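**Q** Residue 155 in my numbering sits at position 151 of the sequence shown, with consecutive numbering throughout.
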Amino acid sequence: YFIIKKIGNVFITRTFKNYRGKKNISISRLDTLDNLTHNIYNAVLGFFLAYAILSEIGIPVGTLLAGAGVIGLAFSLGAQGFVSDIVNGFFILLEKQVDIGDVVTFTDITGTVVDVNLKTTTVKSFDGTLNFVPNRYITIVSNLSREDMRARINIRLEPSVDMEKVNTIIEQVNKRFVPLYPEITQEPVSLGLMDIGDGFLAVRIHIFTLNGSQYDIQNIFFQEYVGALTKAGITIPATPVKMTP
Numbered sequence: 005y006f007i008i009k010k011i012g013n014v015f016i017t018r019t020f021k022n023y024r025g026k027k028n029i030s031i032s033r034l035d036t037l038d039n040l041t042h043n044i045y046n047a048v049l050g051f052f053l054a055y056a057i058l059s060e061i062g063i064p065v066g067t068l069l070a071g072a073g074v075i076g077l078a079f080s081l082g083a084q085g086f087v088s089d090i091v092n093g094f095f096i097l098l099e100k101q102v103d104i105g106d107v108v109t110f111t112d113i114t115g116t117v118v119d120v121n122l123k124t125t126t127v128k129s130f131d132g133t134l135n136f137v138p139n140r141y142i143t144i145v146s147n148l149s150r151e152d153m154r155a156r157i158n159i160r161l162e163p164s165v166d167m168e169k170v171n172t173i174i175e176q177v178n179k180r181f182v183p184l185y186p187e188i189t190q191e192p193v194s195l196g197l198m199d200i201g202d203g204f205l206a207v208r209i210h211i212f213t214l215n216g217s218q219y220d221i222q223n224i225f226f227q228e229y230v231g232a233l234t235k236a237g238i239t240i241p242a243t244p245v246k247m248t249p
């Protein structure tokens, strides 16, 4: 059994490895299918091992299976959730909704997919928490890893600010730093001075990046913009902090 299991798993691993260098094939998709194939293979092998052991010691497997059918009928109502997990998991995989490595949001859970199978999907939150989500509860999938992502930067300014000077400084920062970051897919776009609520005004810049890079780019360029504006003598209002007794 262990030799067959080892040979089979090695064969599966090598088969998927041969596809990794080919174009138009998602690496994360291969990881998902690789993991699922291993699980199915091991489960089927385990079933036949149990069947062989029971037959060898003289237990009537056919009778057990018939009895299992009756017991299964009795527990069918209680197994509805399990069946829903399997059905929903099948369509999640069939429709390629998520792959291992994708950053996704399931209702109130956001993180990186670390495992997908027919029953559950495991998502690792950014704080390291592992969330084991039964597939029947996955009704809306927001996949943040399929297209370019937008980094939105708001820089608070005084109402009397010289916007022509601000725009010139922003353009200078863009010309200097955008070429250093190949993950930026489009030129930054300044939307001008905007009301961001609570009586605050800010200049807003959108930068589109490869998925997964938006947060780093957002932090880097926010610091560069603020540094350049401050150096040019433009006042950046401090964000008020509300103290709760």
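Backbone N, C-alpha and C define an ideal beta-carbon position, used for all residues, glycine too.
These numbers were taken from a predicted model, which means no experiment stands behind them.
1) Taking all protein chains shown into account, decide if A155 is buried (16 or more other Cβ within 10 angstroms of its Cβ) or exposed.
2) Let me check one thing: in DSSP terms, what residues is I174 bridge-paired to?
3) If distances are taken between C-alpha atoms only, which option among L40, D119, S164 comes closest to L205?
4) Which whole-angstrom value describes the C-beta separation of V108 and V127, a residue pair presumed to lie in contact below a C-beta threshold of 8 Å?
5) Write down the C-beta distance between V120 and I104 rounded to the nearest angstrom, noting that I regard them as a contact closer than 8 Å.
6) Secondary structure at S217, three-state DSSP: helix, strand or coil?
7) Just checking, does the stretch 166 to 180 make contact with the stretch 131 to 145 on the three C-beta pairs under 8 Å criterion?
8) Does Q176 pass the burial test, meaning 16 or more other C-beta atoms within 10 Å, or should it be called exposed?
9) Buried or exposed, going by whether 16 or more other CB atoms sit within 10 Å of the CB of G237?
10) Kindly indicate which three-state DSSP category I57 falls into: helix, strand or coil?
11) Measure how close the beta-carbons of E191 and T213 come, nearest whole angstrom, since I'm counting them as under 8 Å.
12) Can you list, in chain order, the residues of its chain whose CB lies under 8 Å from that of I16, leaving out five sequence neighbours each side?
13) Excluding five sequence neighbours on each side, which residues of the same chain lie with their C-beta closer than 7 Å to the C-beta of S194?
14) Residues bridged to T125 by DSSP?
15) The beta strand (DSSP E) spanning S194 covers which residue range?
16) On the three-state DSSP scale, how would you describe L148?
17) Kindly give me the distance between the Cβ atoms of D112 and S149, rounded to whole angstroms, as I take these residues to be in contact under 8 Å.
18) Whole angstroms is fine: what's the gap from R160's alpha carbon to P241's?
19) By DSSP's criteria, G93 is part of a beta bridge. Which residues make up the other side?
20) From what residue to what residue does the beta strand (DSSP E) around T143 run?
21) CA-CA distance, T248 and G201?
22) In three-state DSSP terms, what is A155?
23) According to the Cβ coordinates, are I258 and F226 closer than 8 Å?
24) Using a Cβ-Cβ cutoff of less than 8 Å, which residues in the same chain neighbour V182 once the five nearest sequence positions on both sides are dropped?
**A** Put simply:
1) Its Cβ being crowded by 16 or more others within 10 Å, A155 is buried.
2) I174 pairs with nothing; no bridge assigned.
3) For the residues L40, D119, S164, the minimum Cα distance to L205 belongs to S164.
4) Contact holds; Cβ gap of about 7 Å.
5) Right, their Cβ atoms sit about 6 Å apart.
6) Looking at S217 - three-state DSSP - the assignment turns out to be coil, as it is neither helix nor strand.
7) Segments in contact, no.
8) Burial call: exposed.
9) G237 counts as exposed, since fewer than 16 other beta carbons sit within 10 angstroms of its beta carbon.
10) Note: I57 maps to helix in three-state DSSP.
11) A Cβ-Cβ distance of about 12 Å is found for the pair E191 and T213, leaving them out of contact under the 8 Å criterion.
12) D38, T41, H42, Y45, listed in sequence order.
13) Sequence-distant Cβ neighbours of S194 in its own chain, meaning closer than 7 Å and more than five residues away, are N171, I174, V207, I209.
14) According to DSSP, which records beta bridges pairwise, T125 is partnered with V120, V137.
15) Segment 193 to 201, the beta strand (DSSP E) holding S194.
16) Look at L148 here: in three-state DSSP terms it is coil, with no helix or strand label.
17) Contact flag wrong, Cβ pair sits at about 19 Å.
18) Whole-angstrom Cα-Cα distance: 6 Å.
19) Per DSSP, G93 has no beta-bridge partner at all.
20) Careful: T143 lies outside any beta strand (DSSP E) and carries neither H nor E.
21) Because T248 carries a pLDDT of 39, less than 50, the predicted location of this residue cannot be relied on, and no value is offered for it.
22) Secondary structure at A155: strand, using DSSP grouped into helix, strand and coil.
23) It is not possible to answer for residue 258, since the shown part of the chain is limited to 5 through 249.
24) Cβ neighbours of V182 beyond the five flanking positions: I188, E191, P192.
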